[in-house]
Amino acid sequence: MKNKNTARPYADLKTPFIVDKNGAFAEYIVQEPEEMPDIALGATVIIRDLKGKKEFWIAGQIVGLRSISPFSPERENLLYLEPEVEDPTSVLDEVTGPHTHQPMIIRVSLEREMFLEKNSNNRKFNSFPVQRPPSARSRLYFPNIIPNDDDSPSLQEILDVRADGISFGMIGFGNTPYESSGEFLNYKWDIDKLDNKHIFVVGESGSGKTVFLKNLAYELRKHNKNNRVILTDVQGDIIQLLLPNVAEILKPSGWQTKIKVESVEDTIQKFKKFQLIIPARPEGTSPNLQALKKLAKNNGVDVKEIGLRLQDLSAPSDVEYLFRTSSEQVAMLLDDEAEYLKNHPSNPNPASIDNLRRMIQHLLNNNDSRQIPCHNGTSYYQSTYSAALRALRSLGQYFDYHQNSLNSDQMPLNYFDFDGTTILYLDELDQDERIMWEMQLVKWLYENKKQDWNAFVFFDEAHQIIPAKPSGIGAVGTFERLRINFEKLAREGRKFGINLVLSTQNPKDLHPIVPEQCPTRIVMKINPRNAKYSFLDDNLAMIANRFRHGQFWIQSPFNGTADWVRVHSVAPAIPHQPMTDFWRKAIDIASKTN
16 MKNKNTARPY ADLKTPFIVD KNGAFAEYIV QEPEEMPDIA LGATVIIRDL KGKKEFWIAG
76 QIVGLRSISP FSPERENLLY LEPEVEDPTS VLDEVTGPHT HQPMIIRVSL EREMFLEKNS
136 NNRKFNSFPV QRPPSARSRL YFPNIIPNDD DSPSLQEILD VRADGISFGM IGFGNTPYES
196 SGEFLNYKWD IDKLDNKHIF VVGESGSGKT VFLKNLAYEL RKHNKNNRVI LTDVQGDIIQ
256 LLLPNVAEIL KPSGWQTKIK VESVEDTIQK FKKFQLIIPA RPEGTSPNLQ ALKKLAKNNG
316 VDVKEIGLRL QDLSAPSDVE YLFRTSSEQV AMLLDDEAEY LKNHPSNPNP ASIDNLRRMI
376 QHLLNNNDSR QIPCHNGTSY YQSTYSAALR ALRSLGQYFD YHQNSLNSDQ MPLNYFDFDG
436 TTILYLDELD QDERIMWEMQ LVKWLYENKK QDWNAFVFFD EAHQIIPAKP SGIGAVGTFE
496 RLRINFEKLA REGRKFGINL VLSTQNPKDL HPIVPEQCPT RIVMKINPRN AKYSFLDDNL
556 AMIANRFRHG QFWIQSPFNG TADWVRVHSV APAIPHQPMT DFWRKAIDIA SKTN
């Protein structure tokens with residue numbers, strides 16, 4: 016503690032120690048705040064105290080700041096200056112009088128008591144819940160970044176920062192990370208020792224969420240080349256990874272320039288092999304997509320254009336929300352006929368749209384009665400058959416229009432069994448199409464799970480896949496099937512090495528099962544109204560609302576401390592550019608390329 020600026024318990028009519036449903040709190044007063052420049056909301060502090068003759072520490076986090084009233088005698092001449100005495104336009108440094116902050120009260124959330132294990136061969140602190148209030152002799156100060164010669168816990172020890180794992184960024188406070196002699200405290204996610212690797216990421220537009228996701232994918236591939244990465248690209252900016260010769264490369268600024276990062280070439284090499292999967296569309300390919308396919312192939316990317324097949328569904332009712340009809344009988348009829356087709360005793364056939372349409376039309380043409388028995392004997396009204404034909408026309412917008420996929424012996428989604436980085440490009444699809452593709456991917460992942468597959472599947476805008484309520488995606492029954500499929504993958508997939516990275520900018524529209532299944536939560540810049548849906552405390556939500564690009568809170572209770580830790584992203588050498596500029600450049604380059 017020598018040569019450290021400290022704060023003492025605040026002597027007020029109220030006790031400096033409070034315990035309520037929100038936790039344990041204490042208040043300390045700093046006489047000269049400018050001598051403790053690290054004071055900031057969310058900063059980690061340490062309190063030194065004694066139990067009898069035994070020294071111990073209490074680790075805490077600053078959750079509130081307030082100043083003592085400025086009306087003190089030495090400030091009177093500043094508060095009541097006459098206009099003719101001082102020029103109000105003069106530089107602040109030229110104004111007479113003291114230029115210090117008034118004494119400040121620091122409100123601290125007390126997190127844990129810490130004792131140094133004296134007999135241990137290695138320096139080790141044991142942590143316990145806070146059991147008693149700090150004494151009047153206790154002192155608050157800011158810990159060292161890393162351990163040094165004294166016996167007080169360092170920030171690294173308080174947060175139990177892991178030595179190994181993938182890097183998420185640098186731990187910090189305010190708008191800069193902690194730095195000591197040019198060294199930063201790197202927050203590492205010890206992926207090899209975590210059982211549940213699901214991650215939940217929240218951040219509004221402009222928060223740096225996309226850059227974070229790109230960097231996370233890079234770190235995963237860098238850490239272990241056996242880590243498969245599947246990225247769903249719903250906004251078109253992930254595909255920039257495929258075209259580093261087209262998109263601008265992210266530039267570091269400020270403190271980020273002190274961090275050594277790999278070159279663009281080495282970064283992209285870590286991602287490889289690359290595969291781009293493009294959903295085929297009946298209306299053809301846009302100019303953007305034509306340029307993307309051409310340039311990606313020139314860069315050695317394995318490009319696959321595929322379409323979904325109705326025959327690969329468990330039953331047509333899996334996509335009942337696309338029928339454009341509310342009749343449950345239609346779904347039952349289509350399921351019955353699909354089952355008959357697949358299990359025909361002498362001539363089994365795939366349950367394609369054409370085969371289903373032909374069978375239903377045949378039954379309609381050869382029966383004049385009001386009720387018509389289908390091939391398994393169940394009778395349906397004639398109007399149900401007509402509605403089923405209309406439903407099949409609707410399904411034709413999403414299934415069985417890509418002839419190459421329809422004629423293939425291989426299920427198109429099997430291409431996701433790829434040893435490398437796969438990007439599923441969904442930017443040009445409408446919401447129903449995105450939901451369908453992502454949910455078919457979820458279903459395929461669950462049904463094709465393999466022991467130790469080691470896959471990380473990124474779902475951006477996850478609230479579109481598993482929304483909080485069924486509004487907008489069809490019947491309640493369909494919504495339940497979507498929820499159950501996703502829940503099964505989240506609960507059981509990780510046993511087989513399928514790990515989910517789920518991100519959204521609208522957590523209130525997301526089903527609560529998502530954050531519940533993800534022990535690691537990351538909150539970037541966010542509106543405070545949305546913070547509660549990501550389990551962020553009110554005082555931390557206020558800070559998150561003021562985050563700059565790339566700053567975030569992270570809580571990963573099985574990776575060191577269970578506290579929320581503030582982290583600042585580095586600037587890896589990855590392609591990242593506004594999409595309008597990127598497409599303009601990509602189309603221009605593609606037009607000049609053979």
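Residue numbers (our numbering): 16 to 609. The beta-carbon is built from N, C-alpha and C at its ideal position, and this holds for glycine as well. Every value quoted in this text rests on a predicted model; they were computed, and no experiment measured them.
If you draw a straight line from the C-alpha of L325 to the C-alpha of S361, how long is it? 22 angstroms
Go ahead and label P192 buried or exposed: buried means 16 or more other beta carbons lie within 10 angstroms of its beta carbon, across all protein chains shown. buried
Using the Cβ count rule (16 or more neighbours within 10 Å means buried), how would you classify I499? exposed
What distance in whole Å lies between the Cβ atoms of L174 and G565, which are believed to be in contact at a cut-off of 8 angstroms? The Cβ separation is near 20 angstroms, so there is no contact.
So, I537 versus V216, is the Cβ gap smaller than 8 angstroms? yes
Counterpart residues of G38 in DSSP-defined beta bridges: D35
Secondary structure at T272, three-state DSSP: helix, strand or coil? helix
Quick test of your reading: S222 and F474, contact by CB under 8 angstroms. State the CB separation rounded to the nearest angstrom. Between the beta-carbon of S222 and that of F474 there is about 17 angstroms, and that puts the pair past the 8 angstroms contact cut.
Cβ pair V226, L265 closer than 8 angstroms: yes
In terms of alpha-carbon separation, which member of S153, R372, H417, G392 lies closest to A402? R372
Please classify N201: does DSSP put it in a helix, a strand, or coil? strand
Integer Cβ distance of G512 from N554, believed to fall under 8 angstroms: Not confirmed; about 37 angstroms, so no contact.
Whole angstroms is fine: what's the gap from F199's alpha carbon to F183's? 13 angstroms
Quick one: measure Cβ to Cβ for V45 and I54, integer angstroms, because I've assumed they're closer than 8 angstroms. 7 angstroms
Could you check the C-alpha separation between S420 and Q570 for me, to the nearest Å? 43 angstroms
If you follow the alpha helix (DSSP H) that D596 is in, where does it begin and where does it stop? 594–606
Selected residue, minimal CA-CA separation from N303, among K285, D351, I254, S342: I254
Rounded Cβ spacing between Q397 and R385 (contact assumed at less than 8 angstroms): Contact holds; Cβ gap of about 6 angstroms.
CB-CB under 7 angstroms to A306, same chain, minus the five flanking residues each way: which ones, in chain order? A601, I602, A605
So what's A74 in DSSP terms, helix, strand or just coil? strand
Checking the sheet assignment: what are the DSSP bridge partners for M185? BP columns for M185 point to N201, H583.
Three-way DSSP call (helix, strand, coil) for S409 in this model: Here S409 sits in helix by DSSP.
Go ahead and pull the three-state DSSP assignment for G221. coil
Beta-carbon gap between A295 and E320 smaller than 8 angstroms: yes
Residue range of the unbroken beta strand (DSSP E) whose run includes F140: For F140, the enclosing beta strand (DSSP E) covers residues 140–143.
How should A178 be labelled, buried or exposed, when 16 other C-beta atoms within 10 angstroms of its C-beta is the threshold for buried? exposed
According to DSSP, N230 sits in a beta bridge with which residue or residues? Answer is none; N230 lacks a bridge partner.
Tell whether a beta-carbon distance below 8 angstroms holds between K229 and H591. yes
Our contact map puts L323 next to F414 with C-beta atoms below 8 angstroms; I'd like the distance itself, whole angstroms only. 5 angstroms
Which same chain residues end up closer than 7 angstroms to T247 when comparing Cβ atoms and leaving out the 5 residues on each side of it in sequence? L439, L441, E453, F473, F474, D475
What are the residues that DSSP puts in a beta bridge with V244? T436, F471
How many angstroms separate the CA atom of P88 from the CA atom of K224? With a pLDDT of 43 at P88, under the threshold of 50, the predicted position of this residue should be treated as unreliable, though the coordinate-derived value follows. Rounded to whole angstroms, P88 to K224 spans 50 angstroms at the Cα level.
With a Cβ-Cβ cutoff of 8 angstroms, do K212 and K285 count as a contact? No, these two residues do not count as a Cβ contact at 8 angstroms.
Which residue from F501, Q146, A577, Q344 puts its Cα closest to that of T399? Measuring from the Cα of T399, the nearest candidate turns out to be Q344.
Exposed or buried, which one is L94 when buried takes at least 16 other CB atoms within 10 Å? Residue placement at L94 cannot be trusted, given a pLDDT of 41 that sits under 50; the coordinates are not used to answer.
Are the CB atoms of V123 and Q171 within a distance shorter than 8 angstroms? no
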